[in-house]
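All residue numbers for the sequence shown refer to this note's numbering, where the first residue is 93 and numbers rise by one.
One structure is given here, and the rest of the page talks about it.
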Amino acid sequence: MKSNKPSKHREREFGVPVPGEILEQERWSQTALKKIPDGHIDWQQLFGRQAPIVLELGCGNGRYMLASAMWRPEMDHLATDILPVVIRYATRRGNQRGYKNLRFGVIGGRELLSEHVAPGSITEIHVYHPQPFYDQRDIGKRLITPEFLALVHRSLVPGGKFVLQTDNPGYWRYMQQIVSLFFEFQEQRGPWPDSPRGRTRREIIALREELPVFRGWGTSRVDLSSEEAIRLAEQLPPPVFNADRRLQALDALERE
Ligand SMILES: C[S@@+](CC[C@H](N)C(=O)[O-])C[C@H]1O[C@@H](n2cnc3c(N)ncnc32)[C@H](O)[C@@H]1O
Numbered sequence: 093m094k095s096n097k098p099s100k101h102r103e104r105e106f107g108v109p110v111p112g113e114i115l116e117q118e119r120w121s122q123t124a125l126k127k128i129p130d131g132h133i134d135w136q137q138l139f140g141r142q143a144p145i146v147l148e149l150g151c152g153n154g155r156y157m158l159a160s161a162m163w164r165p166e167m168d169h170l171a172t173d174i175l176p177v178v179i180r181y182a183t184r185r186g187n188q189r190g191y192k193n194l195r196f197g198v199i200g201g202r203e204l205l206s207e208h209v210a211p212g213s214i215t216e217i218h219v220y221h222p223q224p225f226y227d228q229r230d231i232g233k234r235l236i237t238p239e240f241l242a243l244v245h246r247s248l249v250p251g252g253k254f255v256l257q258t259d260n261p262g263y264w265r266y267m268q269q270i271v272s273l274f275f276e277f278q279e280q281r282g283p284w285p286d287s288p289r290g291r292t293r294r295e296i297i298a299l300r301e302e303l304p305v306f307r308g309w310g311t312s313r314v315d316l317s318s319e320e321a322i323r324l325a326e327q328l329p330p331p332v333f334n335a336d337r338r339l340q341a342l343d344a345l346e347r348e
């Protein structure tokens, strides 16, 4: 008979189970990509096989990639963030679950795509709740810019998928203005069917606070070459918007 008792092998955050189950230590894996190799990453060498590649940029504690790696063993996954501490959490969980199709590394999303990813090589790129940066002096740190979208466009295989999500209305309005110039983009109404309580830690927090969450996905425009995408990016506005400081209060919950 199935027990309803919580298992010591299952973890939760904010009451929502963390995907996957903690294995006995002898079955743990090594998901840390301790040093990003110089030049383009050789995916076959990294994962020991040839498989479609999924990237997540600004992955925080890695919840979505833990789920995706479990649900889609036929895909290989790399998730990165600029904060070593969140990558340590993510790596520990990935290791404990024994995933071999998942790596975590410390590097900015822009640097990863511009320096370490060969054009036309990635099947999916996911960005959930990019930091809005509330202080006007930090506008230059915002990840979603026209140049970044041109890099995502360049990195994806033909028909590759770009997934984008935020709970920041100002950021979303900015994204809506420019994303569909690079991608055949559509909004996802309501939570992703695979994660009704949230794909990521920040989404879970936003849903608990009953904030609107804006989600969308698209495929690269095939009528736009990489060169045209770069030229287009040069003509588009930078991410200047009011990030609404009231939302900053939620960041403290994220760090708990
Ligand atoms: C609001 S948190 C969201 C984390 C996670 N995606 C989620 O939804 O729970 C934003 C994350 O982006 C990271 N970040 C900020 N700028 C970045 C950049 N340029 N490249 C990669 N990650 C970045 C931050 O360190 C932080 O972990």
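For glycine and all other residues, C-beta sits at the position ideal for the given N, C-alpha and C.
Fair warning: this is a prediction, and the values are worked out from it, not measured in the lab.
Distance cut-off 7 Å: residue i Cβ against heavy atoms of ligand 1
{"i": "Y220", "result": "yes"}
{"i": "I214", "result": "no"}
{"i": "T183", "result": "no"}
{"i": "V305", "result": "no"}
{"i": "L175", "result": "yes"}
{"i": "L299", "result": "no"}
{"i": "E105", "result": "no"}
{"i": "K233", "result": "yes"}
{"i": "Q223", "result": "yes"}
{"i": "V146", "result": "no"}
{"i": "G152", "result": "yes"}
{"i": "G262", "result": "no"}
{"i": "T123", "result": "no"}
{"i": "V108", "result": "no"}
Nearest neighbour of residue i, chosen from the options [CA to CA]
{"i": "Q136", "options": "L149, A210 and G152", "result": "A210"}
{"i": "G154", "options": "T123, G140, K127 and D134", "result": "T123"}
{"i": "K126", "options": "A143, T183 and R265", "result": "T183"}
{"i": "L248", "options": "L316, G290 and L175", "result": "L316"}
{"i": "R265", "options": "I179, Y156, D336 and G186", "result": "D336"}
{"i": "I236", "options": "H245, M267 and R104", "result": "M267"}
Distance, residue j Cα to residue i Cα
{"i": "P98", "j": "R189", "result": "Residue placement at P98 is flagged as unreliable, the pLDDT there being 49, under the threshold of 50; a coordinate-derived value is accordingly withheld."}
{"i": "V271", "j": "F277", "result": "7 Å"}
{"i": "V119", "j": "I231", "result": "The displayed chain sequence assigns Arg, not Val, to residue 119. Near 44 Å, if we compare the C-alpha coordinates of I231 and R119."}
{"i": "R313", "j": "P250", "result": "9 Å"}
{"i": "Q269", "j": "N334", "result": "15 Å"}
{"i": "R102", "j": "L115", "result": "10 Å"}
{"i": "F375", "j": "P129", "result": "Nothing can be reported for residue 375: it is not among the residues displayed for the chain, which extend from 93 to 348."}
{"i": "R229", "j": "V332", "result": "11 Å"}
{"i": "Y220", "j": "G200", "result": "14 Å"}
{"i": "G262", "j": "L339", "result": "11 Å"}
{"i": "E160", "j": "L273", "result": "Per the sequence shown, the amino acid found at residue 160 is Ser instead of Glu. The alpha-carbon atoms of S160 and L273 are separated by roughly 28 Å."}
{"i": "N187", "j": "Y156", "result": "15 Å"}
{"i": "C151", "j": "S121", "result": "19 Å"}
{"i": "A143", "j": "E166", "result": "7 Å"}
{"i": "M93", "j": "R234", "result": "Residue placement at M93 cannot be trusted, given a pLDDT of 42 that sits under 50; what the coordinates show is reported in the next sentence. The straight-line gap from Cα to Cα measures roughly 51 Å."}
{"i": "G212", "j": "V244", "result": "10 Å"}
{"i": "P111", "j": "E319", "result": "40 Å"}
{"i": "Y226", "j": "R141", "result": "42 Å"}
{"i": "G252", "j": "T311", "result": "6 Å"}
{"i": "V198", "j": "E302", "result": "31 Å"}
{"i": "R185", "j": "Q327", "result": "42 Å"}
Distance cut-off 7 Å: residue i Cβ against heavy atoms of ligand 2
{"i": "L149", "result": "Ligands displayed in this structure: ligand 1; ligand 2 is not among them."}
Looking at C-beta atoms only, is the number of pairs between the region 306 to 314 and the region 243 to 257 that lie closer than 8 Å three or more? yes
Evaluate contact between the region 167 to 176 and the region 145 to 156, counting only Cβ atoms and requiring at least three cross-stretch pairs below 8 Å. yes
For the pair the region 237 to 253 and the region 204 to 223, tell me if three or more CB-CB distances fall below 8 Å. yes
Counting Cβ pairs closer than 8 Å, one from the region 284 to 296 and one from the region 315 to 323, do we hit at least three? no
So within the region 176 to 200, which uninterrupted alpha helix (DSSP H) runs reach at least 4 residues, ignoring any that extend past its ends? 176 to 188
If we require 4 or more residues per run, which alpha helix (DSSP H) segments fall completely within the region 111 to 189? 135 to 139, 155 to 163 and 176 to 188
Please specify which runs of the alpha helix (DSSP H), each continuous and at least 4 residues long, are wholly inside the region 206 to 267, giving them in chain order. 238 to 247
What are the start and end residues of each continuous beta strand (DSSP E) run of 3 or more residues lying completely inside the region 273 to 343, in chain order? 275 to 280 and 306 to 312
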